[in-house]
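So the structure is just underneath, and the comments pick up after that.
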Amino acid sequence: MKKIFLLLSLAFLLYSCSEKPTPQKIALVPEPVSIEQDSLKNFILDKHTKLSFLNLDEQNPTRQHIVENYKHYFGFEPKVQNSPVRNIIIFELNDEKNDQLGDEGYQLTVDKKIILISANTEAGLFYGFQTLFQLAPANANAEKPVAIAVPGVKITDYPRFEWRGSHLDVCRHFFSIDEVKKHLDVMALYKLNKFHFHLTDDHGWRIQIDKYPLLTEVGAWRVDRSDVPWGEAEEAKEGEERSYGGYFTKDQIREIVAYAAARHIDVVPEIEMPGHSSAILTAYPQFACDDYPYCVALGPYWPPKAILCGGNDSVMVFLKDVFDEVMELFPYEYVHLGGDEAYKDNWRACPKCQQKIKDLGLANEEELQAWMVAEIEKEVNKHGKKIIGWDEILDGGVTPTATVQSWRGAESAIKAAQLGNEVVMSPTDFCYFDYYQDDPETQPKAIGGYVPLEKAYAFEPIPDTLTSEQAKCIKGAQCNLWSEFIFTYDHAEYMLLPRLCALAETVWTPKERKDWPRFAAAIPAQVHLLQQLGYNPCTTIGKEKEGE
Ligand code: ACM
Ligand code: ZN
Numbered sequence: 001m002k003k004i005f006l007l008l009s010l011a012f013l014l015y016s017c018s019e020k021p022t023p024q025k026i027a028l029v030p031e032p033v034s035i036e037q038d039s040l041k042n043f044i045l046d047k048h049t050k051l052s053f054l055n056l057d058e059q060n061p062t063r064q065h066i067v068e069n070y071k072h073y074f075g076f077e078p079k080v081q082n083s084p085v086r087n088i089i090i091f092e093l094n095d096e097k098n099d100q101l102g103d104e105g106y107q108l109t110v111d112k113k114i115i116l117i118s119a120n121t122e123a124g125l126f127y128g129f130q131t132l133f134q135l136a137p138a139n140a141n142a143e144k145p146v147a148i149a150v151p152g153v154k155i156t157d158y159p160r161f162e163w164r165g166s167h168l169d170v171c172r173h174f175f176s177i178d179e180v181k182k183h184l185d186v187m188a189l190y191k192l193n194k195f196h197f198h199l200t201d202d203h204g205w206r207i208q209i210d211k212y213p214l215l216t217e218v219g220a221w222r223v224d225r226s227d228v229p230w231g232e233a234e235e236a237k238e239g240e241e242r243s244y245g246g247y248f249t250k251d252q253i254r255e256i257v258a259y260a261a262a263r264h265i266d267v268v269p270e271i272e273m274p275g276h277s278s279a280i281l282t283a284y285p286q287f288a289c290d291d292y293p294y295c296v297a298l299g300p301y302w303p304p305k306a307i308l309c310g311g312n313d314s315v316m317v318f319l320k321d322v323f324d325e326v327m328e329l330f331p332y333e334y335v336h337l338g339g340d341e342a343y344k345d346n347w348r349a350c351p352k353c354q355q356k357i358k359d360l361g362l363a364n365e366e367e368l369q370a371w372m373v374a375e376i377e378k379e380v381n382k383h384g385k386k387i388i389g390w391d392e393i394l395d396g397g398v399t400p401t402a403t404v405q406s407w408r409g410a411e412s413a414i415k416a417a418q419l420g421n422e423v424v425m426s427p428t429d430f431c432y433f434d435y436y437q438d439d440p441e442t443q444p445k446a447i448g449g450y451v452p453l454e455k456a457y458a459f460e461p462i463p464d465t466l467t468s469e470q471a472k473c474i475k476g477a478q479c480n481l482w483s484e485f486i487f488t489y490d491h492a493e494y495m496l497l498p499r500l501c502a503l504a505e506t507v508w509t510p511k512e513r514k515d516w517p518r519f520a521a522a523i524p525a526q527v528h529l530l531q532q533l534g535y536n537p538c539t540t541i542g543k544e545k546e547g548e
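Going left to right, the sequence shown walks through residues 1 to 548 as the working numbering numbers them.
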C-alpha cells in the first residue's frame with residue numbers, strides 16, 4: 001500500500017513539474033493606451049532568460065538600473081547577452097523616432113520566444129520595464145523564484161500628462177533617506193515622474209543651508225511629543241530638550257536626487273515663503289515683524305501667525321541666498337516657493353511692511369506677497385529655472401511665467417488657466433491623501449476629509465469650463481501627503497496606497513480608457529504586489545460616500 005502511495009505521489013510530482021506555468025490575470029495600473037492579448041504567445045521567464053540592450057551601452061544609466069533591479073522584480077540573476085537568441089528580453093532604443101510614443105512612451109511585445117520593449121527614450125524603456133514587471137510579478141522579492149509565464153501581449157503606451165506628481169511632507173514628521181527612496185520606488189512603479197519634496201514648514205526645516213546653519217541646528221528640532229496624538233501636545237517647557245526632528249545634508253539631498261533620476265523622476269524642492277515660517281523664525285527671529293518668541297511648532301495652530309517680514313530687506317537677501325543654495329542641489333527646472341496660508345495680521349501691524357507697501361505703490365498686503373514672489377522668481381530665472389507656487393500666489397496678482405499649483409478647488413485652476421499660466425492640479429477633494437480613505441470609525445486618526453479610492457479615481461484634472469486652448473495650461477496633477485497625523489513612514493504608505501494607483505491612472509491613462517470596475521478589479525492584485533514589495537497598503541476600499 002505504501003509503495004502505491006509513493007508511486008502515486010511521484011507521478012503527481014512529475015506531472016506538476018512538467019505542467020507549464022500559466023500567466024496571472026492581467027491587472028495593470030495605470031491601464032495602457034492599448035493592449036491586445038494573445039494567449040498562444042505566452043513567454044516563460046526563468047533562470048535561463050537573457051537580457052539584451054540595443055543602442056544602450058554598458059554605462060547607460062537606464063540599462064544599469066534595469067540590470068540592477070531585474071533580480072528584485074523577477075527573482076533571477078540578470079544575464080546580459082547581446083546576440084539575439086530565444087528566451088530573451090530585448091530593450092531597444094529606437095533608431096528612428098516613433099512619433100506616437102513621444103518622449104515617455106514605449107511598445108512592449110511579448111511573444112513565445114522574445115519580449116521586446118522599444119522606445120524613443122530611456123524613460124520610455126524604463127516605463128516598459130515597469131509594465132513588464134506588473135505583467136509577471138510573482139517573483140517579486142522571492143527567495144526561491146519559480147518559472148513564470150508572462151502573458152502574450154502587444155502594448156502601445158504613453159502618458160496623458162507630462163506632470164505626474166506625488167508630494168511628501170517631511171516637516172510635520174520626519175522620514176529617513178531610505179524611506180524617501182522607498183517612496184520614489186513606488187512612484188516609479190506607477191510611472192509617476194515629479195517628486196514634490198516639502199522641505200520646510202512651521203514644524204521643521206529639513207535641508208542643510210550652509211549660509212544659515214541655524215536653520216538646521218535650531219529649526220530642524222522640536223520637543224518630542226510623538227507619544228501623544230497630534231493636537232494634544234503640551235507646549236514646550238523652558239529648557240526642555242529638543243530631540244525630535246532631523247534634516248537632509250547636502251550629500252543626502254544629492255543622493256536622493258540621483259536615486260530619483262535613475263527612476264526618471266524629477267525632484268521639485270519646496271521652500272515655503274512667506275508663511276509657514278515658525279522654524280525659520282525660531283532660528284533667525286530677526287526676520288519676523290515682531291519680537292514674539294517663535295518656536296518650532298509642536299502641533300496644530302490656527303491661524304498661523306509666523307510670517308517673514310515683507311518690509312525687511314534682509315529677509316529678501318536671506319530668501320535669495322537660500323534659493324541659490326537650493327537650486328545648486330536640484331537639477332530640475334522647477335522650484336516650489338510655497339506661498340500658501342500666509343496670514344497677514346503681522347504685516348498689517350508692522351511699520352516696515354506698511355512702509356514697503358507705500359514705497360512700492362502697492363494696494364495691500366496681498367500685493368506685497370506677490371512682490372516678494374516676483375522677486376524670488378527673478379532670482380530663480382537668473383539660474384535658468386522656473387517657479388511653482390500654491391494657488392494663493394494668484395491672490396495679489398501673478399506673473400505670467402509662474403506655474404500655479406491649484407489645491408483649494410477648481411476656481412483657482414480656472415482663473416490661472418484663463419490668465420494663461422500653467423497649472424498643476426491637486427485639489428483637496430480628490431488629491432489629499434492625508435484625508436480619510438475609509439469610514440473614520442474604522443481608521444487611524446487622520447486630518448479629516450474623505451477621499452476613498454473611488455473618489456480619488458473619479459478625479460478629472462481638466463475643469464470642464466476651460467476652452468481647449470486654456471486646457472493646454474493644465475500640465476498635470478499630483479497627490480499631496482501632509483504628515484501632521486502621519487507619525488511613521490509605514491503609516492505614510494498606508495495613507496498613500498493604493499490611492500496612488502488612482503492618481504497614477506488619472507495622469508497616465510487616456511480619459512476614455514478610465515473605467516472604475518476594471519480598475520477596482522485590478523486593485524487586489526496591486527495590493528498583493530505592494531505587500532510583496534514590503535509596502536503597507538490599506539487593504540479595504542472605502543465607500544464612495546462616507547457612511548453609505
Ligand atoms: C496646503 O495644503 N496648505 C497647500
Ligand atoms: Zn513686517
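The beta-carbon is built from N, C-alpha and C at its ideal position, and this holds for glycine as well. All figures in this text were calculated on a predicted structure; none of them were measured in a lab.
Which same chain residues, not among the five before or five after residue i, have their C-beta less than 6 Å away from its C-beta?
i    : result
F433 : C479, L481, M495, L496 and R499
F129 : I66
Q443 : Y436
K386 : E333 and Y334
T401 : none
In whole angstroms, give me the CA-to-CA distance for residue i and residue j.
i    : j    : result
Q437 : P285 : 40 Å
G246 : V218 : 10 Å
C295 : I462 : 41 Å
E31  : E505 : 7 Å
K20  : Q81  : 25 Å
K50  : E122 : 20 Å
F318 : I148 : 57 Å
C538 : V527 : 8 Å
E377 : F74  : 46 Å
G311 : D340 : 19 Å
Between which two residues does the alpha helix (DSSP H) carrying residue i extend?
i    : result
R63  : P61 to F74
F430 : T428 to C431
Y334 : Segment Y334 to G338 is the beta strand (DSSP E) holding Y334; no alpha helix (DSSP H) there.
E379 : E365 to K382
Could you tell me if residue i is buried or exposed, where buried requires 16 or more neighbouring beta carbons within 10 angstroms of its beta carbon?
i    : result
Y535 : buried
C17  : Its pLDDT being 47, under 50, C17 is placed unreliably by the model, and nothing is read from it.
L189 : buried
R222 : buried
Q208 : buried
K305 : buried
K445 : exposed
R164 : buried
Y106 : buried
F5   : The predicted position of F5 is uncertain, since its pLDDT is 43 and thus under 50; no value can be drawn from it.
E58  : exposed
L529 : buried
K514 : buried
L608 : This structure does not reach residue 608, given that the chain is present from 1 up to 548, and the question cannot be answered.
R172 : buried
Short check: CB of residue i to CB of residue j, under 8 Å?
i    : j    : result
E92  : S118 : yes
I115 : F161 : no
D369 : P274 : Checking the displayed sequence, the identity of residue 369 turns out to be Gln instead of Asp. Contact: yes.
Y435 : Y457 : no
Q470 : Q418 : yes
I388 : Y343 : no
E422 : G396 : no
L168 : K250 : no
I271 : T216 : no
L337 : A283 : no
I35  : I177 : no
Keeping to the same chain, check which residues put their C-beta closer than 8 Å to that of residue i; ignore five residues upstream and five downstream.
i    : result
Y301 : D202
For the beta strand (DSSP E) containing residue i, name the first residue and the last one.
i    : result
D164 : According to the sequence as given, residue 164 is Arg; it is not Asp. It spans W163 to D169 - the beta strand (DSSP E) in which R164 sits, taken as one unbroken run.
T156 : V153 to D157
T403 : T403 to S406
G128 : Unbroken run through G128 is the alpha helix (DSSP H), E122 to L135; no beta strand (DSSP E).
E92  : I88 to L93
Q37  : S34 to Q37
A149 : I148 to V150
Can you give me the Cβ contacts of residue i inside the same chain, cut-off strictly under 7 Å, excluding the 5 residues immediately before and after it?
i    : result
P427 : S406, W407, G409 and A410
K97  : N120
Using beta carbons (cut-off 8 Å, strictly below), is residue i in contact with chain D?
i   : result
P23 : The structure shown contains no chain D; it is built from a single protein chain.
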